[in-house]
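In order, the protein sequence lines correspond to chains A and B. Quick note: the first sequence uses our numbering, first residue 51, plus one each step. Quick note: the second sequence uses our numbering, first residue 7, plus one each step. As structure tokens, the structure follows; a few thoughts come after it.
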Amino acid sequence: MTNEKLYEAIGDVKEQHILEAKQPKEKKPYAWIKWAALAACLCFVISISTMFIQIFNVSSPSPGITDLSSDILQEHREDFSLEIDPAILAQFEQPDKVIKAYSLLTNSWFLSDKINDFSQVVTTEVFYVRPGGYHGEDLHNSFTYYKIDENGELKWHESWVIGGIGSGQVTPNTFLELSYEVIDEALANIDYEDYIVTHSQRMSLVLVWVRRSSEDLFLAYPGHPALTNFEIGGIYTLEEVQERLTEVYNR
Amino acid sequence: MEDEKIVQLYWDRNESAITETSNKYGSYCTSIARNILGDFEDAQECVNDTYLNAWNSMPPHRPNMLRTFLGKITRNLSFNKYKHSHADKRGGGETPAVLDELSECVSGKENVEQEIEYQELVRTIDAFLDSLPLEKRKMFVCRYWYNDSISEIAKQFRMKENAVSMTLRRIRSKLRQYLVDRGYDV
Chain A
51 MTNEKLYEAI
61 GDVKEQHILE
71 AKQPKEKKPY
81 AWIKWAALAA
91 CLCFVISIST
101 MFIQIFNVSS
111 PSPGITDLSS
121 DILQEHREDF
131 SLEIDPAILA
141 QFEQPDKVIK
151 AYSLLTNSWF
161 LSDKINDFSQ
171 VVTTEVFYVR
181 PGGYHGEDLH
191 NSFTYYKIDE
201 NGELKWHESW
211 VIGGIGSGQV
221 TPNTFLELSY
231 EVIDEALANI
241 DYEDYIVTHS
251 QRMSLVLVWV
261 RRSSEDLFLA
271 YPGHPALTNF
281 EIGGIYTLEE
291 VQERLTEVYN
301 R
Chain B
7 MEDEKIVQLY
17 WDRNESAITE
27 TSNKYGSYCT
37 SIARNILGDF
47 EDAQECVNDT
57 YLNAWNSMPP
67 HRPNMLRTFL
77 GKITRNLSFN
87 KYKHSHADKR
97 GGGETPAVLD
107 ELSECVSGKE
117 NVEQEIEYQE
127 LVRTIDAFLD
137 SLPLEKRKMF
147 VCRYWYNDSI
157 SEIAKQFRMK
167 ENAVSMTLRR
177 IRSKLRQYLV
187 DRGYDV
């Protein structure tokens with residue numbers, strides 16, 4: 051290949067690349083936000099002993115349910131997809147590292163005997179998660195959540211820096227060191243239609259909902275395996291997911 | 007004037023399309039042409055040819071982004087002019103340096119048996135750019151699309167010129183490896 055051919059091919063790259071190159075650098079967020087995020091994480095570490103109670107606290111749902119007889123428990127499998135809008139992906143520096151995650155209902159949904167399809171307990175609230183802290187630093191011990199605002203733009207939601215409890219911990223757990231490659235590898239020997247990443251911030255648990263024509267399966271990436279009774283990378287049926295959470299709840 | 011309205015002027019065969027284009031994107035196109043050719047008069051000629059080219063392309067084209075549509079035309083015309091002038095060893099702005107740097111990514115030999123599909127190559131470069139962090143991607147495009155000088159890039163990214171050169175060198179080396187990994191006979 052000649053340098054001229056390469057130069058000409060560069061001339062035909064995507065318009066987005068050409069436009070963004072001349073856009074001014076995004077303003078750095080205020081430093082105090084970063085420190086506030088770190089302080090929040092420190093609080094998280096200190097309060098780990100009370101986390102068990104918090105996980106199953108039914109008094110403050112958001113989003114969630116307090117009444118298990120509620121008709122919130124409707125099946126809506128079609129509302130979820132793995133695909134990420136390219137316009138959203140384009141807003142990330144490393145689009146290939148972004149994971150789309152749907153929030154789970156909070157509280158004790160697993161106690162309900164009305165659940166026969168996992169879509170009943172997944173909300174349409176979506177987070178986009180990438181490795182790294184607020185500024186993209188600390189790639190291996192932090193991750194950052196974004197939501198999409200009404201204009202379709204990324205809105206920083208929360209950054210987690212895993213110190214103390216995270217160091218030396220087996221990964222991936224929750225979104226730490228988790229990627230679609232890791233999930234694909236874990237599901238290499240399973241026949242499935244698609245999968246959806248779901249997440250409970252309260253339980254610090256990522257459940258990959260593996261959708262199949264037969265029984266759905268769930269690949270777990272718990273932040274705290276001992277507290278939630280799931281093994282990192284463990285695969286469970288819906289019934290087993292409910293059983294495990296119920297057992298922990300009743301301890 | 008909004009881009010859509012300017013494009014409509016072209017479609018209506020209204021000659022004020024050229025004036026509006028020149029008002030809005032004249033300096034943008036001129037800077038691209040001047041970076042490639044290094045000569046204001048040659049650059050101006052290419053920019054005028056850009057307007058003519060746009061006039062002949064719209065209709066049937068209705069570009070989504072008029073800015074990059076015009077920019078690409080200017081870049082192509084300017085590079086063609088550069089190649090023509092270069093045979094006489096004159097002019098060139100940043101282009102000789104830019105091409106020289108890109109030589110690090112390729113061998114310079116055309117392999118007839120393994121003729122590279124141009125569109126596939128463009129897609130590969132796009133994918134490579136997508137894999138870069140934003141600031142590095144921007145730097146690459148500034149240098150190898152816009153032909154910006156190292157000092158201009160250093161100014162834009164608030165970096166030292168040495169650091170810019172070093173970063174670009176690393177990106178080039180990464181691009182070469184990226185192309186090799188994907189089977190290109192570079």
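C-beta: ideal position from N, C-alpha, C; glycine also. A quick note: this is a predicted structure, and the numbers were derived from the prediction, not measured.
Among residues of its own chain, excluding the 5 on either side of residue i, which ones have a beta-carbon nearer than 8 Å to its beta-carbon?
i: B:Lys166; result: Ala160
i: A:Tyr242; result: Val260, Arg261, Arg262 and Leu267
i: B:Ser22; result: Leu15
i: A:Ser99; result: Low confidence applies here, because A:Ser99 scores a pLDDT of 48, under 50, leaving its location unreliable; read the following figure in that light. Contacts found: none.
i: B:Ile38; result: Gly77, Thr80, Arg81, Ser84, Tyr152 and Asn153
Using only CA atoms, which one of the options lies nearest to residue i?
i: A:Leu295; options: A:Gln73, A:Trp159, A:Lys72 and A:Glu70; result: A:Trp159
i: B:Leu43; options: B:Arg164, B:Ala103 and B:Asn29; result: B:Ala103
i: A:Asp199; options: A:Ala137, A:Lys147 and A:Ser162; result: A:Ala137
i: B:Tyr152; options: A:Leu69, A:Glu290 and A:Val298; result: A:Leu69
i: B:Glu107; options: B:Leu127, B:Arg178, B:Tyr88 and B:Ala39; result: B:Arg178
i: B:Glu10; options: B:Arg68, B:Arg149 and B:Asn20; result: B:Arg68
i: B:Pro139; options: A:Val179, A:Lys147, A:Pro272 and A:Asn239; result: A:Lys147
i: A:Val211; options: A:Asp188, A:Pro222 and A:Gly202; result: A:Asp188
i: B:Ala60; options: B:Leu185, B:Cys35, B:Asn41 and B:Asp45; result: B:Cys35
i: B:Ser109; options: B:Arg182, B:Asn86 and B:Phe134; result: B:Arg182
i: A:His249; options: A:Leu154, A:Glu289 and A:Lys64; result: A:Leu154
i: A:Thr156; options: A:Gln292, A:Gln251 and A:Glu265; result: A:Gln251
i: B:Glu141; options: B:Ser28, B:Gly32, B:Asp48 and B:Leu174; result: B:Leu174
i: A:Val232; options: A:Tyr57, A:Pro222 and A:Asn239; result: A:Pro222
What does residue i reach in chain B if we use C-beta pairs closer than 7 Å?
i: A:Lys64; result: Asp132
i: A:Ile60; result: Ile131, Tyr150 and Trp151
i: A:Pro145; result: Asp136
i: A:Glu128; result: Here the premise fails: no neighbours, minimum Cβ distance about 29 Å.
i: A:Glu227; result: By Cβ distance, chain B contributes nothing, its closest Cβ being about 19 Å from A:Glu227, past 7 Å.
i: A:Glu187; result: Neighbours of A:Glu187 on chain B: none; closest Cβ ~12 Å, over 7 Å.
Could you tell me how far apart the beta carbons of residue i and residue j are, in whole angstroms, since I believe they sit closer than 8 Å?
i: A:Gln66; j: A:Ala140; result: 6 Å
i: B:Leu105; j: A:Glu54; result: 7 Å
i: B:Cys111; j: B:Thr80; result: Not confirmed; about 24 Å, so no contact.
i: A:Phe130; j: A:Tyr152; result: 6 Å
i: A:Leu255; j: A:Thr287; result: Wrong, their Cβ atoms sit about 16 Å apart, outside the cutoff.
i: B:Val147; j: A:Ala71; result: 4 Å
Can you give me the Cβ contacts of residue i inside the same chain, cut-off strictly under 6 Å, excluding the 5 residues immediately before and after it?
i: A:Ile285; result: Leu267 and Leu269
i: A:Ser209; result: Ala87, Gly183, Tyr184 and Thr194
i: A:Arg127; result: Ser169
i: B:Arg143; result: Leu135
i: A:Leu123; result: Lys164 and Gln170
i: B:Ile24; result: Tyr57
Go ahead and label residue i buried or exposed: buried means 16 or more other beta carbons lie within 10 angstroms of its beta carbon, across all protein chains shown.
i: B:Ala169; result: exposed
i: B:Met145; result: buried
i: A:Pro181; result: buried
i: B:Ser113; result: exposed
i: A:Asn166; result: exposed
i: B:Trp17; result: exposed
i: A:Val220; result: exposed
i: A:Leu257; result: buried
i: B:Ser84; result: buried
i: B:Tyr124; result: exposed
i: A:Pro272; result: buried
i: B:Val186; result: exposed
i: B:Arg19; result: exposed
i: B:Gly189; result: exposed
i: A:Ala276; result: exposed
Could you tell me which chain A residues have their CB closer than 9 Å to the CB of residue i, listed as they occur along the chain?
i: B:Val53; result: Those within 9 Å of B:Val53 in chain A number zero; the least Cβ separation is about 16 Å.
i: B:Lys78; result: Gly61, Asp62, Glu65 and Ile68
i: B:Val147; result: Ile60, Val63, His67, Ile68, Glu70, Ala71 and Lys72
Keeping to the same chain, check which residues put their C-beta closer than 7 Å to that of residue i; ignore five residues upstream and five downstream.
i: A:Lys78; result: Legend: pLDDT at A:Lys78 = 49, less than 50; position of this residue unreliable, no value from coordinates given.
i: A:His207; result: Phe177, Tyr195, Tyr196 and Lys197
i: A:Glu143; result: Gly186
i: B:Ser171; result: Ile156
i: B:Arg149; result: Val104, Ile159 and Leu174
i: B:Glu8; result: none
i: B:Met64; result: Val13, Tyr16 and Trp17
In chain A, what lies closer than 7 Å to residue i by C-beta?
i: B:Cys35; result: Going along chain A, no residue has its Cβ under 7 Å from B:Cys35, so there is no contact; the nearest lies around 13 Å.
i: B:Lys144; result: Glu70 and Ala71
Using the beta-carbon of each residue, which ones in chain B are nearer than 8 Å to residue i?
i: A:Tyr57; result: Phe85, Val104, Leu105, Leu108 and Tyr150
i: A:Leu69; result: Met71, Arg73 and Thr74
i: A:Glu235; result: Here the premise fails: no neighbours, minimum Cβ distance about 20 Å.
Mind pulling the chain B residues with CB within less than 9 Å of residue i?
i: A:Asp51; result: Correcting the residue identity first, residue 51 of chain A is Met in this sequence and not Asp. Within 9 Å Cβ-Cβ: Cys111, Val112, Ser113, Gly114, Lys115, Glu116, Asn117, Ile122, Leu127, Leu185, Tyr190, Asp191 and Val192.
i: A:Glu175; result: Those do not exist, as A:Glu175 stays about 27 Å from chain B at its closest Cβ, beyond 9 Å.
I want to verify the contact list: residues of chain A whose CB lies under 8 Å from the CB of residue i, in sequence order.
i: B:Gly44; result: Under the 8 Å cutoff, chain A gives no residues; its nearest Cβ is about 16 Å from B:Gly44.
i: B:Lys166; result: The contacting residues do not exist; B:Lys166 stays about 16 Å from chain A at best.
i: B:Val170; result: Correct list: empty, because the minimum Cβ distance to chain A is about 14 Å.
i: B:Leu140; result: Glu70 and Glu143
i: B:Arg81; result: Gly61
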